[in-house]
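Whatever position you read off the sequence shown (first residue = 1), add 11 for our numbering. Below: the structure, in structure tokens.
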Amino acid sequence: MIAASSENMKESEINTPLIGNNWRNIKYYSNNVEGLFVVDKKGEELYLRNSPSIEMRVTHINGKRYYFYFDTVILENNVLMGSRSRFISGLTRNIPLDSIVKIEVQDGGKKFAYQN
12 MIAASSENMK ESEINTPLIG NNWRNIKYYS NNVEGLFVVD KKGEELYLRN
62 SPSIEMRVTH INGKRYYFYF DTVILENNVL MGSRSRFISG LTRNIPLDSI
112 VKIEVQDGGK KFAYQN
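Rendered as structure tokens:
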């Protein structure tokens, strides 16, 4: 099992799914997680393969919800860290694990795809 930590990050490149633009592909560092087992709304366990379109919603103890791209999330020193944007670098959030009530993941359906 590979831990999702800063030591295991890899450089990734994804397409820019905007139509009619002259943007280049987006490069960023992503975790090495291949996928994860999840429980769907029906209570069935499924394997969700990691991709750049997988989104993660974290519910904080105070009820606020925070969103991340799953492939950017790492865990260090009991703090969950991740990126909130593909287009604005450095837009990250850190949440202590003991303040998290619930974590949900979904395929956001965005047309991001790894290029390397």
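No residue lacks a Cβ here, since even glycine has one placed at the ideal position from N, Cα and C.
- prompt: DSSP state of T70, grouped into three classes?
  reply: strand
- request: Could you pull the start and end residues of the beta strand (DSSP E) that V84 belongs to?
  value: Where V84 is concerned, there is no enclosing beta strand (DSSP E), given that its DSSP letter is neither H nor E.
message: Can you give me the C-alpha to C-alpha distance between T27 and S96, rounded to a whole angstrom?
response: 13 Å
query: Hey, would you say L102 sits closer than 8 Å to L91, going by beta carbons?
result: no
message: Going by beta-carbon coordinates alone, are V112 and E66 separated by less than 8 Å?
response: no
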